[in-house]
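Undergrad:
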Amino acid sequence: MPGGYEGPLYTRLAMETAGSARPQDAARRTPRLPRSQDAAPSVENLAVWPGHPFPLGATWDGIGTNFSVFSEVGERVELCLFDNAGHETRISMREQSAFIHHVSVPGVGPGQRYGFRVHGPWAPANGKRCNASKLLLDPYGKAVTSAVQWGQSVYPYRFGDENRISTSDSARAMPKTVVVNPYFDWGNDRPPAIPWNDTVVYEAHVKGFTQQHPGVPPNLRGKYAGLAVPEVVDWLLGLGVTAVELMPVHQFVHDHFLMRRGLRNYWGYNSICYLAPHSEYAASGELGQQVQEFKQMVKTLHQAGIEVILDVVYNHTAEGNRLGPMLSFKGIDNEAFYRLAEDDRRRYVDYTGTGNTLNMRHPHVLQLIMDSLRYWVLEMHVDGFRFDLASTLARTLHEVDRLSAFFDVIQQDPVISQVKLIAEPWDVGEGGYQVGNFPPLWSEWNGQYRDTVRDYWRGQDQQIGEFAARLTGSSDLYEATGRRPSASINFVTCHDGFTLRDLVSFNDKHNEVNGEQNRDGADDNRSWNCGVEGDTDDPEVAALRRRQQKNFIATLMLSQGVPMLLAGDEIGRTQQGNNNAYCQDNEMSWVDWEHVDEDMLAFVCRLTHIRRSHAVFRRHRFFQGRPIHGTDVVDIAWFRPDGTLMNDDDWRASFAKSLGVFLNGDALPWLDTRGHPVRSGSFFMIFNAHSETIEFTLPSERWGQEWGYVLDTARDDTELEVVPVKPGEALSVTDRSFVLLQHVDT
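Per our numbering, residue 924 is the first one in the sequence shown, and the count goes up by one each step.
Right, dumping it as structure tokens:
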């Protein structure tokens, strides 16, 4: 892949020479990761000081560590420190300040494992679930070691009777939060600060993206450090990516029911600690080293000019419903952290389909989320966030209120309001589908774009105006609230659903390996298998599928708004028809680097290059579609296959599958972010989703004197015409294909 990225990649991690590497290659060698801390600090004969309520969590100052946790319901809270053998020392946190329990312990420092026990009422019918037999993770913990060992002890009730308290101690079965060293040499790290309209987002999974990558050393595969090796960075740059959107990296839990099936929560939408990078993704250790390794990954990507966006899950936690485990929030203050049903406070309100919903109406929950966001920006240097099921965050009672407290706080926050904010604008509750309804600071995953583009290319009858609206940035959804085309995060595929290759290969989902009799996952995929379900040796079907994939990519990259590409789609990754691979931590979900579709890869790279080179495909503002400033010049025009302008009847025709689009990038230059005039060149796009080849007549000389071929999804570059096409000439446009022409200066 083309790269061009040079320079020192690792400053804190020692360099390791591989084989007989030349001295000049030193900057590109694999890092030697920090060793795990084999010896935790001694917890015997500790002094205890009152400490301070803020900051919440565990804060090491070089002398000792201050511990602080909120619990209004807790009558007494104990800090529990663990040595390497698992022996526990309990310290009563006697000091309270506004329901915040705190203590400072000199001599305790980075690498120390700890948790809390909260003493208080066990009254599930009243929403109170205190159980001091259960060790609890710190909601503000910045690192977590080990995983949950599933069994009776991690559940607060006795199996068979949810109202009877379980007194079995969970300490040995529970992961522990860890005191971390906050210091890191960021050097001259600066956020790339790429304008929204120049952004190309790449949705990737930390483990899945690198687990089988041949350029990543085996010990770094599936790890944060693996994303920072030169081969991976060069791949991203060559692909034209400007931002990596990482699927959840907050510490998460592998569900009990999945572990019983021999599966795991691969996607990670099951968070439990919102300030801790997931420990399984660290190659260097899990006693705080994961924090340093994550920071180094961000620093390396920043050096290459690539932003890091995190997919965050603040709508629910891994503790499930009333029958779920007690890992942290339930035992610390159940009523504060969770939305409880008004008619039965044993039960949890569930807008997420996971068993619970965080209580965004409580000030301490709102504080936790805002503190988490600021931590990831200020301390971990990330560049933005994609909020999973963001409609849940907007709910006050049952209605979705786009001006709820959460969005008010975001709006006025001097840190978070300045980074990239992306909403997944729906949840599973009534009225949860809110595409287009988020506040002006926000961009949104545009579900209407996905559905419309899929329907268009599979030949579904619809008014072609709907397709035109999505192609031009969805002004109908965003312009009224003062937003620009960049409010629309355009995507055809994402982690949730079919891959691009599967989208054109399967009509139906095939999720049997998930163990739910194929009942999980969406049934409405708006996919088309091109005539054969699954793999086929039929050359005509294979050619059509390739053309359809290219049609989707060309539409995505040349639409106004921000394109998002799913990792692996550029090389033809398949999940064999599984559209809900959340529990498949195996070759089904990992990117397959052995079987790379080189033709598809080259096509994607070319499209990102075209987008980057011509500003008309990434405008700051919406098209006006009418004469501008008293001239006869328009910025966009729409044509029928006979070369005439479309009229109102054409827009209403549901059977219409073909149209031409003139994009004016010559006549009216605009200014870039530095105030420099930008000229782009004019283009003519021809879309044909019809099942037959059509003759498309180019419009009159008013729209351009000569046109040259740029690409045709039905032909290789070597087959493209080299002679410019004149106005009034008819082009033969293959069924289900896309053609891009550029105006030739004469």
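For every residue, glycine included, the Cβ atom is placed at its ideal position computed from N, Cα and C.
What is the DSSP secondary structure of E1642, counted as helix, strand or coil?
TA: For the purposes of this step, residue 1642 is taken as the residue at position 719 of the sequence shown. Three-state result, E1642: helix.
Undergrad: Leaving out five residues before and five after R1297 in sequence, what residues of the same chain have Cβ atoms less than 6 Å from its Cβ?
TA: On the sequence shown, residue 1297 is found 374 positions in, with the first residue counted as 1. Once the five neighbours on either side are set aside, the close Cβ partners of R1297 are V1338.
Undergrad: Taking all protein chains shown into account, do 16 or more other C-beta atoms lie within 10 angstroms of the C-beta of H1518, making it buried, or fewer, making it exposed?
TA: If you number the sequence shown from 1, residue 1518 lands on position 595. When all chains shown are included, H1518 counts as exposed.
Undergrad: If you compare alpha carbons, which of A1392, G1034 and R1284 is closest to S1411?
TA: The sequence position of residue 1411 within the sequence shown is 488, counting from 1. Of the listed residues, the one whose Cα sits closest to S1411 is A1392.
Undergrad: Rank F1039, S1020 and A1148 by C-alpha distance to the C-alpha of Y1014 and give the top, closest one.
TA: Here residue 1014 is taken as the residue at index 91 of the sequence shown, counted from 1. One detail in the question is off: residue 1014 reads as Ile in this sequence, not Tyr. Looking at the Cα atoms, F1039 is the closest of the given residues.
Undergrad: Below 9 Å between beta carbons: does that hold for K1057 and D1084?
TA: Here residue 1057 refers to the residue found at position 134 of the sequence shown. Here residue 1084 refers to the residue found at position 161 of the sequence shown. Their beta carbons are not under 9 Å apart, which means K1057 does not touch D1084 by this criterion.
Undergrad: From which residue to which residue does the alpha helix (DSSP H) around K1130 run?
TA: Looking up residue 1130 in the sequence shown gives position 207. From DSSP, the alpha helix (DSSP H) with K1130 extends over V1129 to T1133.
Undergrad: Of all the options L1663, L1481 and V1000, which has the alpha carbon lying nearest to the alpha carbon of A1055?
TA: In the sequence shown, residue 1055 corresponds to position 132, counting from 1. Checked all of L1663, L1481 and V1000; the closest Cα to A1055 is V1000.
Undergrad: Could you tell me which of E1521, V1167, A1504 and D1399 sits nearest to F1546, measuring between CA atoms?
TA: As a first step, residue 1546 must be located in the sequence shown, where it is residue number 623. For the residues E1521, V1167, A1504 and D1399, the minimum Cα distance to F1546 belongs to D1399.
Undergrad: Does the distance from the CB of P1098 to the CB of W983 come in under 9 Å?
TA: As a first step, residue 1098 is located in the sequence shown; it is residue number 175 there, counting from the start. As a first step, residue 983 is located in the sequence shown; it is residue number 60 there, counting from the start. Not closer than 9 Å, so no.
Undergrad: Any idea if T1497 is buried or exposed, counting beta-carbon neighbours within 10 angstroms, 16 or more meaning buried?
TA: Position 574 of the sequence shown, counted from the start, is the residue given in the question as residue 1497. T1497 comes out buried.
Undergrad: Mapping DSSP to helix, strand and coil, what is E1456?
TA: For this step, residue 1456 is matched to residue 533 along the sequence shown. If DSSP states are grouped into helix, strand and coil, E1456 belongs with coil.
Undergrad: Cα-Cα, which of L1530, T1277, E1402 and F1217 is closest to A1241?
TA: For the purposes of this step, residue 1241 is taken as residue 318 along the sequence shown, with counting starting at 1. Checking every option, the nearest Cα to that of A1241 belongs to T1277.
Undergrad: When the Cα of H1128 is compared with those of F1526, L1169 and K1065, which residue comes out closest?
TA: Position 205 of the sequence shown, counted from the start, is the residue given in the question as residue 1128. Cα-wise, what sits closest to H1128 is L1169.
Undergrad: So who's on the other strand from T1068, going by DSSP bridges?
TA: Residue 1068 sits at position 145 when you count from the first residue of the sequence shown. The partner list for T1068 (beta bridge, DSSP) reads K1099.
Undergrad: Whole angstroms are fine: how far does the CA of K1051 sit from the CA of E1670?
TA: Residue 1670 is absent from the structure shown; the chain starts at 924 and stops at 1669.
Undergrad: Pick out whichever of R1187, V1415 and M1293 has its Cα sitting closest to the Cα of A1070.
TA: The residue given as residue 1070 occupies position 147 in the sequence shown. Closest by alpha carbon: R1187.
Undergrad: Just to confirm before moving on: does the CB-CB distance between G1355 and S1314 stay below 9 Å?
TA: Start at 1 with the first residue of the sequence shown, and residue 1355 comes out as number 432. Start at 1 with the first residue of the sequence shown, and residue 1314 comes out as number 391. Their beta carbons are under 9 Å apart, which means G1355 touches S1314 by this criterion.
Undergrad: L1524 and I1494 look like a contact to me (Cβ under 8 Å); what is the Cβ gap, rounded to whole Å?
TA: The residue given as residue 1524 occupies position 601 in the sequence shown. The residue given as residue 1494 occupies position 571 in the sequence shown. So it is a contact: roughly 5 Å between Cβ atoms.
Undergrad: Could you give the DSSP three-state label for A1055: helix, strand or coil?
TA: For the purposes of this step, residue 1055 is identified with residue 132 of the sequence shown, where counting begins at 1. Coil at A1055, not helix or strand.
Undergrad: Sort out for me which residues DSSP pairs G980 with in a bridge.
TA: Counted from its first residue, the sequence shown places residue 980 at position 57. DSSP lists S991 as partners of G980.
Undergrad: Can you list, in chain order, the residues of its chain whose CB lies under 6 Å from that of F1390, leaving out five sequence neighbours each side?
TA: What you label residue 1390 is simply residue 467 of the sequence shown in a count that begins at 1. Contacts found: T1375 and Y1379.
Undergrad: If I measure Cβ to Cβ from S1512 and keep anything under 8 Å in the same chain, skipping five residues before and after, which residues do I get?
TA: Indexing the sequence shown from 1 puts residue 1512 at position 589. Result list for S1512: H1128, G1131, Y1189, Q1498 and A1504, in chain order.
Undergrad: List the residues that DSSP assigns as beta-bridge partners of G1038.
TA: Here residue 1038 is taken as the residue at index 115 of the sequence shown, counted from 1. For G1038, which the question treats as bridged, DSSP gives the partners C1003.
Undergrad: If you measure between the beta carbons of H1321 and E1353, is that distance less than 9 Å?
TA: Taking the first residue of the sequence shown as position 1, residue 1321 is located at position 398. Taking the first residue of the sequence shown as position 1, residue 1353 is located at position 430. Yes, the Cβ-Cβ distance between H1321 and E1353 is below 9 Å.
Undergrad: Kindly give me the distance between the Cβ atoms of H1666 and G1583, rounded to whole angstroms, as I take these residues to be in contact under 8 Å.
TA: Taking the first residue of the sequence shown as 1, we reach residue 1666 at position 743. Taking the first residue of the sequence shown as 1, we reach residue 1583 at position 660. About 14 Å; that fails the 8 Å criterion.
Undergrad: Taking 8 Å as the limit between beta carbons, can you name the residues of its chain near P1115, skipping five residues before and five after?
TA: Reading the sequence shown from its first residue, position 192 is the one you call residue 1115. Taken in chain order, the residues that qualify are T1165, H1225, G1228, I1229, E1230 and D1306.
Undergrad: Let's see if you can read the secondary structure: which residues bound the beta strand (DSSP E) around C1196?
TA: Locating residue 1196 in the sequence shown gives position 273, counting from the first residue. Segment S1194 to P1200, the beta strand (DSSP E) holding C1196.
Undergrad: Looking only at its chain, what residues have a beta carbon closer than 7 Å to the beta carbon of D1234, apart from the 5 residues adjacent to it on each side?
TA: Taking the first residue of the sequence shown as position 1, residue 1234 is located at position 311. Taken in chain order, the residues that qualify are E1168, L1169, M1170, P1171, R1309 and D1311.
Undergrad: Nearest to Q1019 by alpha carbon, out of H975, S1340, V1031 and G1032?
TA: In the sequence shown, residue 1019 corresponds to position 96, counting from 1. Closest option to Q1019, Cα to Cα, is H975.
Undergrad: Whole angstroms is fine: what's the gap from F1661's alpha carbon to D1635's?
TA: As a working mapping, residue 1661 is identified with position 738 in the sequence shown. As a working mapping, residue 1635 is identified with position 712 in the sequence shown. Roughly 6 Å separates the two Cα atoms.
Undergrad: Does G1185 pass the burial test, meaning 16 or more other C-beta atoms within 10 Å, or should it be called exposed?
TA: Stepping through the sequence shown from its first residue, residue 1185 is reached at position 262. G1185 comes out exposed.
Undergrad: Counting C-beta neighbours from all protein chains within 10 Å, is the total for W1451 16 or more, i.e. buried, or is it exposed?
TA: Here residue 1451 corresponds to residue number 528 of the sequence shown, with the count starting at 1. With 16 or more other Cβ atoms within 10 Å, it is buried.
Undergrad: Please state whether DSSP places N1086 in a helix, a strand or coil.
TA: Within the sequence shown, residue 1086 is the residue found at index 163, counting from 1. N1086: strand per DSSP, three-state reduction.
Undergrad: Does the beta-carbon of D1178 have 16 or more other beta-carbons within 10 angstroms, so that it is buried, or is it exposed?
TA: Counted from its first residue, the sequence shown places residue 1178 at position 255. That one is buried.
Undergrad: Taking Cβ positions, are L1344 and L1364 nearer each other than 9 Å?
TA: For the purposes of this step, residue 1344 is taken as residue 421 along the sequence shown, with counting starting at 1. For the purposes of this step, residue 1364 is taken as residue 441 along the sequence shown, with counting starting at 1. Taking 9 Å as the Cβ cut-off, L1344 and L1364 qualify as a contacting pair.
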